[in-house]
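Per the numbering used here, the sequence shown runs over residues 1 to 501.
Ideal placement from N, C-alpha and C gives every residue a C-beta, glycine not left out.
Below is one structure, written out as structure tokens, with a few remarks after it.
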Amino acid sequence: MSGSNPPNAVVLLDDTSDAFYNPQAWSTRKNEYHYNGGQWVNDGAAESSISCAFEGTSITFYGRNQTQSSWTAELIYDDDVSGEVVTMSSDRPMIYDFLTSKTLPEGSHTLQLKNMRATSNHTGEQPKFDYAYVVPGMRTNVMGKLLMVDDGDASISYSGGWEPTINPLANQLEPSPSNEYAVPHREGTHVSRTNGDSFSMDFVGTSIALGGVLLNDGTVGRFTLNIHIDDQPSRTRVITTDGNPQPYQPRIFPNYNFYTSDRPLSHGPHTVKVEVTDFSGNLPFILDYVLYTAAFESFEALAAGPSEGGQDKPTETPKDQDPSTEEEKQEAKPSSLGAIVGGVVGGAVFAALIILLLFLCLRRRRRKQYKTRQAFEIDTQPTPLFLNERPNSGSSETFPLTMTRSSDVTDTTRGMSMGMVGYSSKMRRMDDTPPSRSSPLSRSTGESSSSNPNSDPFAVPSQVGASRLFESTESEYSEGSRSTVTGAMSDAPPPPYEPRT
């Protein structure tokens with residue numbers, strides 16, 4: 001749609017709309033034979049007034065005259081002080097567009113129908129009106145408003161044997177005391193009498209309805225309407241007449257509601273397709289207009305594209321009331337599932353990294369603690385003493401004397417060490433052969449005691465701590481301190497040797 005083209009629909013204002021206000025000698029009455037079951041009716045006063053607020057460029061009132069009549073009214077637009085006086089008349093009872101305003105600049109307006117009254121030479125009633133419709137401008141806000149598309153609009157595509165009617169009297173009956181002529185919207189309809197006839201229309205809205213004309217003149221017949229909206233399951237309406245109209249019933253029902261969507265549609269573009277089938281008898285299907293609730297801001301925004309038209313807004317329709325969104329939900333599932341899987345995998349990887357980091361930290365801490373404990377044990381481990389070459393053994397055996405920590409060395413241990421020194425010195429004294437510098441205490445060589453009968457019966461390994469201890473004792477002995485050592489030995493005999501296991 002080009003931005004310069006006029007809108008292809010008008011805004012419908014029913015008699016129950018808040019657009020009508022300040023009625024004087026007017027009231028609404030229910031009547032099932034009118035659009036939405038009601039109309040505005042004059043209370044019988046000689047004069048009446050009513051006002052209407054609208055947004056657009058013009059407004060038209062649709063209603064009826066029951067008898068031949070002529071009446072006048074003063075039309076006051078917006079804030080004008082004086083109005084325009086108009087005179088309307090009809091030579092027969094009719095249902096039609098009885099009043100249309102002048103063309104106004106696009107915008108918000110008010111129109112007051114003031115001092116409506118019958119002319120002096122007519123005693124007929126003032127007109128009654130069923131609804132009004134407004135021609136919107138390209139920038140008029142139509143979001144959420146009910147739009148009416150005429151059957152002759154180019155947006156409706158027909159297929160099959162449809163018969164367009166452009167004669168205003170084509171759907172009227174002959175005058176009678178109890179019936180009126182009925183002029184369809186924009187004075188035309190499309191008529192179908194053939195199985196398989198169909199029409200389709202694209203729209204951007206949240207509801208759809210079909211309005212037309214139903215004959216009630218004694219015609220017998222039936223037909224079925226199959227309504228398809230997008231890819232939803234089809235809806236079916238069966239229309240039947242028995243050919244026996246009730247007394248005082250109209251012989252023709254204009255503005256007959258053939259179908260209204262029973263569930264709100266999602267915001268966005270839709271396609272409605274209607275197929276007519278199962279014709280029987282002589283009853284035709286007569287289409288007059290299509291109604292839908294707009295889901296876009298203005299016709300200019302609609303022509304500009306989806307980003308400005310407002311049709312891409314989300315719907316608040318409950319899940320259990322909108323089966324039209326099932327396909328959209330199915331299409332959204334893969335992306336939602338992918339997001340869930342990605343989140344789970346990412347969370348698992350992150351958790352694994354955290355666990356691995358904690359494990360490495362604990363492992364490093366334990367290794368550090370182990371090294372510290374090992375270094376402490378090595379630093380505090382005393383050098384063991386080994387006794388080698390037992391006197392009556394033919395081989396060298398080692399018996400360790402081990403102290404685990406320096407803090408564990410007590411006075412008893414030191415006494416034992418001194419006792420061992422004294423014990424070794426005593427053994428030498430018993431041999432009367434003092435050790436000499438040429439025969440120092442040395443490492444165990446694995447030789448037996450029989451090879452050197454004058455050597456010590458116990459050979460002490462060349463360990464640092466033990467060697468220094470025995471060297472000190474030997475020096476004292478060689479310098480004539482034998483009596484001192486001997487005296488010490490006689491006072492404190494060494495404890496028996498117990499090998500450490």
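How far does the beta strand (DSSP E) with residue i in it reach, from first residue to last?
i: L287; result: 285 to 294
i: W40; result: 38 to 42
i: A132; result: 128 to 135
i: D153; result: Looking at the DSSP string, D153 is not in any beta strand (DSSP E), and its letter there is neither H nor E.
i: G281; result: 269 to 281
i: V213; result: 198 to 215
i: G83; result: That residue, G83, is in no beta strand (DSSP E); it is neither H nor E in DSSP.
i: N195; result: Note, N195: premise wrong, no beta strand (DSSP E); not H, not E.
i: Q24; result: 20 to 24
i: Y256; result: 252 to 260
i: E55; result: 48 to 56
Provide the residue(s) that pair with residue i in DSSP beta bridges, ordered along the chain.
i: R237; result: L225
i: V10; result: M148
i: I340; result: Looking at the DSSP assignment, I340 forms no beta bridge with any residue, so it has no partner.
i: E106; result: Beta-bridge pairing links E106 to no other residue.
i: T165; result: T189
i: F61; result: L99, A132
i: Y181; result: M94
i: V220; result: D242
i: I504; result: It is not possible to answer for residue 504, since the shown part of the chain is limited to 1 through 501.
i: A118; result: W71
i: Q112; result: S51, I76
i: S505; result: The structure shown does not extend to residue 505, since the chain is modelled only from 1 through 501, so no value can be given for it.
i: S159; result: S198
i: S27; result: V41
Which whole-angstrom value is the C-beta distance of residue i and residue j, which I expect to be below 8 angstroms?
i: F129; j: F54; result: About 14 angstroms separates the two Cβ atoms, so there is no contact after all.
i: Y35; j: N255; result: 4 angstroms
i: F253; j: R237; result: With 8 angstroms as the limit, F253 and R237 do not qualify as a contact, their Cβ atoms being about 15 angstroms apart.
i: G152; j: P164; result: 7 angstroms
i: N22; j: I50; result: 7 angstroms
i: F285; j: S159; result: Contact doesn't hold; Cβ gap of about 14 angstroms is too wide.
i: G44; j: D15; result: About 18 angstroms separates the two Cβ atoms, so there is no contact after all.
i: T206; j: A295; result: 5 angstroms
i: M94; j: R117; result: Not confirmed; about 20 angstroms, so no contact.
Compute the distance between the beta-carbons of residue i and residue j, then report whether it is under 8 angstroms.
i: D202; j: T293; result: no
i: M148; j: A9; result: yes
i: L210; j: L146; result: no
i: V11; j: V134; result: yes
i: V213; j: T189; result: yes
i: S155; j: I208; result: no
i: V276; j: F223; result: yes
i: Q126; j: W71; result: yes
i: R576; j: D150; result: This structure cannot speak to residue 576, because the chain is shown only from 1 to 501.
i: S298; j: N141; result: yes
i: D78; j: T103; result: no
i: N115; j: E74; result: yes
i: Y513; j: R92; result: Because the chain in this structure spans residues 1 to 501, residue 513 falls outside the shown range and cannot be described.
For the alpha helix (DSSP H) that contains residue i, what are its first and last residues?
i: L302; result: 299 to 304
Cβ of residue i versus every heavy atom of the ligand SAM: is any distance shorter than 7 angstroms?
i: L360; result: The ligand content of the structure shown is nil, which means the ligand SAM is not present either.
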